[in-house]
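Single-structure report; data block below.
There are 4 protein chains.
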Amino acid sequence: MKLTTAGESHGKALIGIIEGLPSNLKIDVEEINRYLALRQSGYGRGGRQKIEKDTVEIISGVRNLLTLGSPLSFAVRNKDYENWREVVAPEGCDTQQRQLTKVRPGHADLTGVLKYDQTDARNILERASARETAARVVGGSIARQYLKALGVEVSGYVKSVGNVVDPHIYAFERLSEAKNHLLFMLDGEKEREAEKLLDKLKAEGDTAGGIIEIRVKGLKSGFGSCMQYSTKLDAILCGAIMSVQAIKGVEVGLGFEAAKKEGSKVHDEIYYDGGYFRKTNNAGGIEGGMSNGEEIVLRAAMKPIPTLMKGLNTVDISNNQPAKAAGERSDVAAVCAAEIILESVVAFALADMVSQRLGGDNMGEVLERYNALR
Amino acid sequence: MKLTTAGESHGKALIGIIEGLPSNLKIDVEEINRYLALRQSGYGRGGRQKIEKDTVEIISGVRNLLTLGSPLSFAVRNKDYENWREVVAPEGCDTQQRQLTKVRPGHADLTGVLKYDQTDARNILERASARETAARVVGGSIARQYLKALGVEVSGYVKSVGNVVDPHIYAFERLSEAKNHLLFMLDGEKEREAEKLLDKLKAEGDTAGGIIEIRVKGLKSGFGSCMQYSTKLDAILCGAIMSVQAIKGVEVGLGFEAAKKEGSKVHDEIYYDGGYFRKTNNAGGIEGGMSNGEEIVLRAAMKPIPTLMKGLNTVDISNNQPAKAAGERSDVAAVCAAEIILESVVAFALADMVSQRLGGDNMGEVLERYNALR
Amino acid sequence: MKLTTAGESHGKALIGIIEGLPSNLKIDVEEINRYLALRQSGYGRGGRQKIEKDTVEIISGVRNLLTLGSPLSFAVRNKDYENWREVVAPEGCDTQQRQLTKVRPGHADLTGVLKYDQTDARNILERASARETAARVVGGSIARQYLKALGVEVSGYVKSVGNVVDPHIYAFERLSEAKNHLLFMLDGEKEREAEKLLDKLKAEGDTAGGIIEIRVKGLKSGFGSCMQYSTKLDAILCGAIMSVQAIKGVEVGLGFEAAKKEGSKVHDEIYYDGGYFRKTNNAGGIEGGMSNGEEIVLRAAMKPIPTLMKGLNTVDISNNQPAKAAGERSDVAAVCAAEIILESVVAFALADMVSQRLGGDNMGEVLERYNALR
Amino acid sequence: MKLTTAGESHGKALIGIIEGLPSNLKIDVEEINRYLALRQSGYGRGGRQKIEKDTVEIISGVRNLLTLGSPLSFAVRNKDYENWREVVAPEGCDTQQRQLTKVRPGHADLTGVLKYDQTDARNILERASARETAARVVGGSIARQYLKALGVEVSGYVKSVGNVVDPHIYAFERLSEAKNHLLFMLDGEKEREAEKLLDKLKAEGDTAGGIIEIRVKGLKSGFGSCMQYSTKLDAILCGAIMSVQAIKGVEVGLGFEAAKKEGSKVHDEIYYDGGYFRKTNNAGGIEGGMSNGEEIVLRAAMKPIPTLMKGLNTVDISNNQPAKAAGERSDVAAVCAAEIILESVVAFALADMVSQRLGGDNMGEVLERYNALR
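Protein chains in written order, with this note's numbering: chain A, 944 to 1317; chain B, 944 to 1317; chain C, 944 to 1317; chain D, 944 to 1317.
In structure tokens, the structure reads:
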């Protein structure tokens, strides 16, 4: 299963094509739209999320709500395009407007301008922007529906915002509550603390990041492989997570904590009671590059939003003079968006692993094969 | 550039094929062997590292020390094979000997046995074993020689062993000293503390992990891309790192720390003085999925070795009765090996990114194109 | 460079995404539309080609007519969709209408129904249909513009229709005339003979195929590689050609004739006169899996259209009784469409080979590197 | 399933790695060696085939004759290496010896020298040589064993040598006889005629090519796909065939003949008698890019061997003066070798298609899934 995306931030639409879906998978468009709305939600978001109410339009690959086995293509229109058409249209437009030359630290602006031989960072940021992740949320939502048919679920929550950390560990069943919260946190007190932090940062023109935990429940053992390095499940999932804008770190299970402890406190002993099981899950569900049947546990670190209202020091590339970086967006934090995006990319990467192991051209075949796995 | 590896831990040899090398790259076999030796070094290693003194044999792709542009294949013989031939030979052998059925927590054993329909975990562990990384060290060492021709260097050191952490930050030039130390640490006092920890753990039959920092100096900006998620440099480098046995977390630049700080303390402001530069490098050299011209800084968390002399609780899969896990190896820690392996996989992944951007069939062309980059 | 396509024959649109285009390539939309129109032209076409006047809509990857280096996505709307919406829409629709159960020999119908677990071959043919090639013509037209910037041109003509064969050999410069002819043939007399044949076949409810020759002029030597089988230029170009609907054979240069002749009559001797050159081109411009600097010459055999007005014997899969195959389309021949499609897939595959060898992020870099090749 | 090969013609060994084999496939080494011997057989071969008696050495991926699911690596030693060591060794050697500068028409020599920046075509031909195909015969032989476990068989014969054509059509069961013949032809009279032709050409210092037919029996329908152009079975099989040295054309079923006939004489009508079947197989077993359950029929055209004893006109690249091309080899025809190689590449490409559709980690799973296909 492969997702190819296209589309600029203020262009006509984001476009995606998913190849490798089996036929006869029922597609729930409302659910995709719910995840698109969740990507736009969260305390600390700025103005744009109110302009766009993203919805998906499926263009091909589905008939009467069932997949055909052909490439599923979709669009998420940029409603803002009407306001930007004369500045960014594919056909002739006025590229002198809305130029961005005060390149923003923490963004692709400066490197992109040099690499792609541009003088206006708009030609870079339009694609480098995290708006692209709307297409990945669509892909992930469809992957989720494929996984759900097999009994596999992906969920998550925000573990910290800035230096406000929720220290608790939660059962998988509780995670879905997070989406009812303004910051997708599960500890109400910590969440109120985090909101205060964001209010303060907003007043100061500053921004915050956070830590997000993603979990997968119900996946059988043996996905990924120990036989070639490029097929290891942890490599693939963590690579997917690191491909999301603003993510600077990722860990599985105990993660960095595991590096500090002695082996006897880390490894999950094995028991048998009709089936094999563990009493602990420090491995985060992955051993030897394969799912081991326990919950998959991943955590990612998101850096603070790099566009600050107070403006960072930079250079204007039109004259190489010192300048204050432009404030293209005004979010203070986007941890909720990141949480949804990370669920999405994990779901998609997993669905790809599942479909590689199972093969199968139609959902009947896929289900039969999944159920036959030991 | 692509590295495909093969070979079991006690089989005849590890085999690797590198595709995509340009012609006329000078190969220094002694240097490859030095890295192979370093992979086997380090305080806390057990007996096997003394049996094998790994050396590489180049089989194809090189003539008179220069690459031909054809696939470079190589072997690293397993000297131990003579002792194992009758147990593991491809042709008929005695598979009743040296069976491993007390599957080891933290390893591929149990999952692998179910996935590949085996009754003896030897059929899994022989390939899942980290011995496979010797082939990746060869690949990485050759990639390093390609990078070095362009002025790019990869180095690193051990930042922590168990709970003993070196808190200092070092200039790139100092990192090479680490290889003169028994534990590849740069702070002598901390290293002695770490050695004591390992002695204590060894006495207790326990093990340790650690944190490794890898750095890349001299890479121009613009490697990787902000244009499609699958081409982002951080996703690719971190995926490569997570594909190494025992690695449970990875971060770029400030990494998880970045999630705690406000934006104004994280993003690296931009200055101009004939060229663009930064005074800080919290981004770890990667912005927008591309190298930004600063040093690339990566850190990885290695879990403690999962084979403990004191034996973890597990199940004997031949009868599903409780058992103590087998002690196939007796290392207490393998942080030095991991340090070399991580340098190697980072070097290889980078060389691949470089060769994708530059193309080029011979080193003259490659150099000319690299030098022409802005 | 990679082209991913999606879209069903009577669905909303065909969608394509091209990844790997450098920035700053000027896109000529009118030229793309001209090739789309040519794909729909030609003597012997049925009714649908009059309903649809295909035009491309670029959605992303281009601003002010210049590529951005980001994925270029595009749509070709199916104007016929309005008439089919209630039968094929992704959302709820009436799948009882317009079922096709009298599966057509020579099509994907029967195999597809079994593979994708369907009862209605409409769920197969909508994607298997050659309408999908409109997206490949767009991709090929853009690839052509990339190649043209380097001085490389792709052209071709129809060499035979049914048993009417044009025996002449033409200079590259004459090939473009073919598009002014109703059947894209260059010999006027043979073309009139072919038209008569098609009139006769139409009266009989029968169909014809033909042979198409594609040529490439101006490509420097050394594209493709002799170093790994998967990188050979002939393998890649012929694979691309065989991926086009209805193509049953392909040959390079002398092709099947070469099998009959002695070596001394086949191999193109080499001369030098300031540069290397040949007096013959029996190799069709490819030796050792690489372009040798001569014109690339490819010929493909197209089978007759498998949907016959007179109806072939088949089975109705709804009851497994004998039946006459449905006549979904009424073209007698589609050799002109095939000619344009083959030019397109050859252009795209070549552009991919070129971009792999040159790398390069922007057209300035690409041009400089191409010009520097020996 | 993927085969990566390495190795030069006079180097130490050819090396191959097969990734993606399931575990528990029984490997018959003797059978692999039989195919290697067949590759070296045939009337019209020169001296080298007597020096080398190729045998495979399996290095990894197999234990006690059963695959492990890990990469299967192998070597085919070049016995001639001992005579060439001082000229081609990876380590220091004497590159002044045995230089080839009189570049041979029809080979990679001239293009390769320019592309890889060499002055001696030995650095090109050592890899471009068809000796590389020995590794593909090993890969294909193992793929065959995988296919055979599913009841799928690949066979073939030589249909023509030069202008001597066997006009008959044979049942699949008769094809295996061909390997008992000196030229792998099935018509004894035609074969004697072909031998005479080769004798005459040998006396004249000239060479011949021929046409080879490859057939596949027992493959269920639905391999390949009609849903994306890159997944079509005909594209993949024909691409594989065109990747073999000296092949200049390929066709499926009626192939080029189909272009001449009317549709009603070409398409294979469908009947039902408890199962679907055809009375003809003009499609050669592939419709809509998928196997349709009939025999797969492929034919390839091999050009005459380009190294002629009588020497073609060429240029000496050391001084750009006219010269007679060097006679590195002295075969008159190699149609038998090509026949075995083409069986091998078809088998491997098919096995890959099968493993993509079925997935599966062990042979039990693979068989169960194959048997469950409709």
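Every residue gets a Cβ at the ideal spot worked out from N, C-alpha and C, and that includes glycine.
In terms of Cα proximity to D:G1035, the closest of B:I970, B:R1070, B:D1052 and B:L1093 is B:I970. Under the 8 Å Cβ criterion, the stretch 1167-1184 of chain B does not count as touching the stretch 1122-1132 of chain B, having fewer than three qualifying pairs. With a cutoff of 8 Å on beta-carbon distance, D:S1168 and D:G1228 are scored as not near each other.
Residues of chain D whose Cβ lies closer than 7 Å to the Cβ of A:Q1171 are, in chain order, E962 and P1014. Of all alpha-carbon atoms in C:K1204, C:G1196 and C:K1203, the one lying nearest the alpha-carbon of C:V1240 is that of C:G1196.
Neighbours of A:T1044 across chain C, judged by C-beta separation under 7 Å, do not exist; the nearest C-beta is about 16 Å away. Identification of chain D residues near A:L1301 by a Cβ-Cβ cut-off of 8 Å yields G1302, ordered along the chain. Judged by pairs of C-beta atoms under 8 Å, the stretch 1212-1225 of chain B does not touch the stretch 1249-1260 of chain B, as fewer than three such pairs exist. Using beta-carbon distances, B:A1071 counts as an interface residue toward chain A, with a partner under 8 Å. No Cβ of chain B is located within less than 8 Å of the beta carbon of D:G1192. When the five nearest sequence neighbours on each side are left out, the beta carbons in the same chain lying within less than 7 Å of the beta carbon of C:L1144 are those of T1150, A1151 and V1275, in order along the chain. For C:D1259, the closest of D:P1014, D:Y1214, D:G1004 and D:S1261 by C-alpha to C-alpha distance is D:Y1214.
Burial is judged here by how many other beta carbons sit within 10 angstroms of a residue's own beta carbon; D:H1210 has at least 16 and is buried. Taking the Cα of D:I1190 as reference, the smallest distance to any Cα among D:N1263, D:E1205, D:I1284 and D:D1130 is reached at D:I1284.
In terms of CA proximity to A:V1104, A:I1155 leads the group A:Q1039, A:S1003 and A:I1155. The beta carbons of B:G950 and B:Y1024 sit about 10 Å from each other, so the pair does not count as a contact at 8 Å. If you draw a straight line from the Cα of A:Q1040 to the Cα of A:V1030, it comes to about 6 Å. Cβ-Cβ distances below 6 Å link D:R1074 to S952 in the same chain, with the five nearest sequence neighbours on each side left out; the list follows chain order. Secondary structure note for D:S1103: its beta strand (DSSP E) is the uninterrupted segment E1096 to V1104. Contact between B:L1011 and B:V1005 is confirmed by a C-beta separation of about 7 Å, below the 8 Å threshold. Here B:A1243 carries a strand assignment [DSSP, helix/strand/coil]. Nearest C-alpha to C:E1200 among D:V1056, D:A1201, D:V1193 and D:K1204: D:V1193. In this structure, A:L1301 places its C-beta atom within 8 Å of the C-beta atom of A:V1309. Unbroken beta strand (DSSP E) stretches of 3 residues or longer found wholly inside the stretch 1125-1189 of chain B: 1153-1160, given in chain order.
Counted as a single uninterrupted DSSP element, the beta strand (DSSP E) harbouring D:F1017 occupies residues L1015 to R1020.
Under the Cβ criterion of 8 Å, D:F1199 is counted among the residues facing chain C.
Between B:A1078 and B:L957, the C-beta spacing is below 8 Å.
At least one C-beta of chain D is nearer than 8 Å to the C-beta of B:N967. For A:E974, no chain C residue has a C-beta closer than 8 Å to its own C-beta; the minimum C-beta separation is roughly 14 Å.
Check the Cα spacing between A:R977 and each of A:G1236, A:V1095 and A:T998: the tightest is with A:T998. 8 Å or more divides the Cβ of D:A1092 from the Cβ of C:G1153. The distance from the Cβ of D:L1140 to that of D:V1107 is about 6 Å, consistent with a contact at the 8 Å cut-off. Within the model, the alpha-carbon separation for B:K1102 versus B:E1132 is close to 13 Å. A:K996 sits exposed, since fewer than 16 C-beta atoms from the chains shown fall within 10 Å of its C-beta.
Each of B:R1312, B:E1286, B:V1046 and B:S1234 was checked against the Cα of B:I1085, and the nearest Cα belongs to B:E1286.
Looking at the DSSP output, B:N967 bridges to nothing.
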